[in-house]
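In the numbering used here, the protein residues as written are 2 to 138.
Here's the structure we're looking at; comments come further down.
What follows is the structure, encoded as structure tokens:
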């Protein structure tokens, strides 16, 4: 996230981050975390919730998901109801299927205009972004 933040600061009008879900199978709470982030997103707190998940990913639990929601001041009744909404499971399944179709095998995997980022440095981001911007001109 700090690197993505740098990219957004350098390209405030040209770059937009779109997150897709790809919960890793080896993490017991990965899928539940994805659902919780989507539920928080319904209240405009997706990224804040996402940050909490990744800051404490080794200690995730159903209780932690509720704690994060309370810390962010979410409407708890709406959040809990949203956790049970099957649309989140469907969205995650679609993201996983789409990711598999383009060869994603782990997370994070980053694409810039459909180009897979291999060099995960600021220079790597800039090289692809600048090349894509030149194409648009």
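C-beta: ideal position from N, C-alpha, C; glycine also.
From a predicted model like this one, the values you see are computed outputs, not experimental measurements.
Same chain only: Cβ atoms within 6 Å of residue i, ignoring 5 sequence neighbours per side
i: residue 1; result: In the structure as shown, the chain starts at 2 and stops at 138, and residue 1 therefore has no counterpart that could be examined.
i: residue 31; result: 24, 25
i: residue 55; result: none
i: residue 111; result: 118
i: residue 133; result: 114
i: residue 66; result: 37
i: residue 109; result: none
Nonlocal neighbours in the same chain, by C-beta distance under 7 Å from residue i, ignoring five residues either side
i: residue 77; result: 70, 71
i: residue 73; result: 41, 46, 49, 50
Reference residue i, options the options, closest by Cα
i: residue 46; options: 96, 93, 58, 80; result: 80
i: residue 91; options: 33, 61, 49; result: 33
i: residue 135; options: 114, 120, 119, 122; result: 114
i: residue 29; options: 50, 58, 49, 53; result: 58
i: residue 75; options: 50, 61, 62; result: 50
i: residue 82; options: 137, 44, 16; result: 44
i: residue 107; options: 52, 63, 27; result: 27
i: residue 2; options: 94, 52, 137; result: 52
Cβ-Cβ separation, residue j to residue i (assumed contact under 8 Å), whole Å
i: residue 123; j: residue 4; result: 6 Å
Residues near residue i in its chain [Cβ-Cβ closer than 8 Å; skip 5 each side]
i: residue 105; result: 23
i: residue 97; result: 22, 23, 24
Inset, instruction - Please confirm if the segment 10-28 is in contact with the segment 96-107, defined as three or more CB-CB distances below 8 Å between the two stretches. - result: yes
Legend entry - Inter-stretch contact at 8 Å, needing at least 3 Cβ pairs: the segment 79-93 / the segment 40-57: yes
Inset, instruction - Could you tell me whether the segment 5-13 touches the segment 119-133, using the rule of 3 or more Cβ pairs below 8 Å? - result: yes
Legend entry - Inside the segment 50-95 only - alpha helix (DSSP H) runs reaching at least 4 residues: Listed in chain order, they are 63-72, 77-84.
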